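Quick notes on the structure that follows.
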Amino acid sequence: MKWDTCDASVQYLLHLGDDALILGHRLSEWCGHGPILEEDIALSNLALDLVGLARQYYQLAAQRIGNGMTEDRIAYWRSDREFRNHVLVEQPNGDFGDTMARQFYFDAFHFLQLEALQHSSDIELAAIARKAIKETTYHAQHSSEWVVRLGDGTDESRARITASLAKFWPFTSELFEPSSVDRAAHAAGWGPDVASLRGPWLDLVQEVLEQAELQLPEGHAKLLRGKSGIHSESLGFLLAEMQSLPRAYPDATW
Amino acid sequence: MAPSIDMEARFLDYVSAENKVEPKDWMPDAYRKTLVRQISQHAHSEIVGMLPEANWITRAPSLRAKLILLAKVQDEAGHGLYLYSSAETLGTSRDQMIDDLHTGKAKYSSIFNYPTLTWADMGAVGWLVDGAAIQNQVMLCRTSYGPYSRAMVRICKEESFHQRQGYEIMMHLARGTKEQKAMAQDALNRWWWPSLMMFGPSDDQSPNSAQSMAWRIKRKSNDELRQEFVDKTVPQAEFLGLTLPDPDLKWNEERGHYDFGPIDWAEFFAVVAGNGPCNTERLEARRSAHAEGTWVREAATAYAAKQAARRAATAPTAKASAA
């Protein structure tokens, strides 16, 4: 299967699905290890929503590819060079502050992205977005509340969340740099011009940081090309773990 | 004032008549203590029990299996919450109970001190471990302490989904490739005996059983529950085409039950004493999650206090009326 030459709408679905799967997978790593029981449940919820969303995108992609393609082939049989997620979402969990900072940046972007996708000219994609935006609104509320709580909590929590927000800041630029697939999707009316989401995203982020009396981080944009399949070193390990069983037993079905 | 013999006798009559005890009712101190011990132990088992299964969430072999397993482990966190809340109605805080777990004062089910080595263990744990737990929990839906009994009703509904999830995994494996079937048999071999041990020692060696039965906390003996579990599980194993690792297992026409071989109680007591394969790792994982989360909990508490202070400062009408 040549993933990078398949139908543009399929490539766009893979990009959207990969963000959801990889971030959902990272969040699922928290299960059983959260700072408090209620948060274990909340992080698992986020993971369930995101992996569930990935399945919807992949199922639609599989249907469009045809030839017996399945969601699991898409998830388990592509290499890291064939994944199209943003580099931000594959970053290791770190501490709870890191996880919340990563989530906060992504949730604000994801919310704006889905808001636009609800009006996609691809009606099947629009239907997925309409359902997902309800969950994502809750995700954004959850991560924003934690940024405020940690920012306005103790001296230690303030120092930690400040450092976490600064750490992931350079990864956010990729969200707004259109890849060739983003451009094709925008031209076809399937999805937004991601560059145009930067302004509204900054507004959302700034509003929450002000509540927490935190400064918008400074720092240069990293040179990132996750959407073109050039990832950080951590994705390979994530996939090696995630894909291990189907690849060890290629004849098996589960 | 010490409770009179009369009060204890009246309490016994009350529970014997199948009445539920509620948090504000009078109860013997020993009844309260037994319940706190049992419910907190049960809550800890849910929380520690998340670990062996969480071990496979990131390696689930299909997206569907990943979601189901994640949802299942999340349910266990929820069960832990109901149970801690129901134990709190007896006057012990969640923090205290968690401290007791971390210092080794409180126990949790020993079954979670065994490792989950292959994907088939997700099947065997769901089928056998949750199956054995249900056997016990169905009984506890009728326990005499109201909040515990109501928590168990909710938990039982979800547990039966867990057991079906485990059995479904076993079914896929048992009908799969040669390697998958071998994986299923291996998991069954490793989990069968520890699952039988989950019901606890035989009745004559179980010190608290008689009193718990009299108080209607427990409704059936360990041996009765174990027998029910064996009788229910043998045909399920046959249906899968897998062999239970017990040469003495056979149907006893006269008793109307399956006979089974002797349980290795030395192994059970070794694991209870802390020498199971994963006791150290499980407790360490809980301790470190708690320790690493300290700053987060402190931040949440500090923030809540600041918010409350701000609300008080901006509520002049309340102040005025108080003055």
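Chains as they are written, first to last, in our numbering: chain B, 545 to 798; chain E, 2 to 324. Idealized CB from N, CA, C, for every residue including glycine. In this text, all values refer to a predicted model and were calculated from it rather than measured experimentally.
- For E/R143, the secondary structure class from DSSP, reduced to helix, strand or coil, is coil.
- Counting along the chain, the unbroken alpha helix (DSSP H) around E/Y304 starts and ends at 295-314.
- Proximity of chain E to B/M786 at the Cβ level (cut-off 8 Å) is accounted for by T59, R60, in chain order.
- For E/R298, the residues of chain B that pass the 7 Å Cβ criterion are P579, I580, in the order they occur in the chain.
- If you draw a straight line from the Cα of B/H730 to the Cα of B/K546, it is about 23 Å long.
- Distance from the Cα of B/L571 is smallest, within the candidate group B/D737, B/E754, B/F650, for B/F650.
- According to the DSSP assignment, E/D260 belongs to the beta strand (DSSP E) that extends over 258-260.
- Taken through DSSP and simplified to helix, strand or coil, B/W621 comes out as coil.
- In the three-state reduction of the DSSP assignment, E/K251 falls in the strand class.
- In this structure, B/H683 places its C-beta atom within 8 Å of the C-beta atom of B/L590.
- From the listed residues B/E751, B/D795, B/P722, B/A673, the smallest Cα separation to B/L741 is found for B/P722.
- Using a Cβ distance threshold of 8 Å, B/D795 and E/T178 count as a contacting pair.
- Residue environment analysis places E/M8 among the exposed positions, since fewer than 16 neighbouring C-beta atoms fall within 10 angstroms of its C-beta.
- Only R693, L694, D696, G697, T698, E700, S701, R704 from the segment 683-709 of chain B bring a Cβ to less than 7 Å from some Cβ of chain E.
- Between B/A652 and B/L565 a beta carbon distance of about 20 Å is seen, past the 8 Å cut, so the two are scored as non-contacting.
- Listed in chain order, the non-local C-beta contacts of E/D232 below 6 Å within the same chain comprise H258, Y259, local neighbours out to five positions each way being set aside.
- The Cβ of E/W120 sits closer than 8 Å to at least one Cβ of chain B.
- One thing to note: B/F627 has its Cβ no nearer than 8 Å to the Cβ of B/L753.
- Short of 6 Å from the beta carbon of B/A676, and not among the five residues preceding or following it, lie these beta carbons of its own chain, in chain order: L597, L658.
- Counted as a single uninterrupted DSSP element, the alpha helix (DSSP H) harbouring B/Q685 occupies residues 667-695.
- With a threshold of 8 Å between beta carbons, B/C575 makes contact with chain E.
- Chain-order list of chain B residues neighbouring E/A55: C575, G576, H577, by C-beta distance under 8 Å.
- Judged by DSSP in its simplified three-state form, E/R60 adopts helix.
- Counting only runs of 4 or more residues that sit fully inside the segment 697-739 of chain B, the alpha helix (DSSP H) segments are 699-712, 724-732, in chain order.
- Around B/F781, no beta-carbon contact reaches into chain E at under 9 Å, the shortest distance being about 11 Å.
- Excluding residues up to 5 positions away in sequence, I112, L129, V130, G132, A133, F230 lie with their Cβ nearer than 8 Å to the Cβ of E/S196 in the same chain.
- Under the 8 Å criterion on CB atoms, E/H163 is classed as non-interfacial with respect to chain B.
- Going by DSSP, E/N190 is part of the alpha helix (DSSP H) stretching over 179-198.
- Excluding the 5 residues flanking it on each side, B/Q787 has same chain C-beta neighbours closer than 6 Å at Y620, in chain order.
- In the structure shown, the three-state DSSP call for E/R220 is coil.
- In this structure E/P248 is exposed. Its beta-carbon is surrounded by fewer than 16 other beta-carbon atoms within 10 angstroms.
- Closest in alpha carbon position to B/H764, among B/S776, B/K771, B/A710, B/Q750, is B/A710.
- Taking the Cα positions, B/N637 is about 19 Å away from B/Q685.
- Secondary structure note for E/R11: its alpha helix (DSSP H) is the uninterrupted segment 6-17.
- Contact annotation: in the segment 583-599 of chain B, residues whose CB is within less than 8 Å of a CB in chain E are E583, D584, I585, S588, N589, A591, L592, V595, G596, A598, R599.
- With 16 or more other Cβ atoms inside 10 Å of its own Cβ, B/D616 counts as buried.
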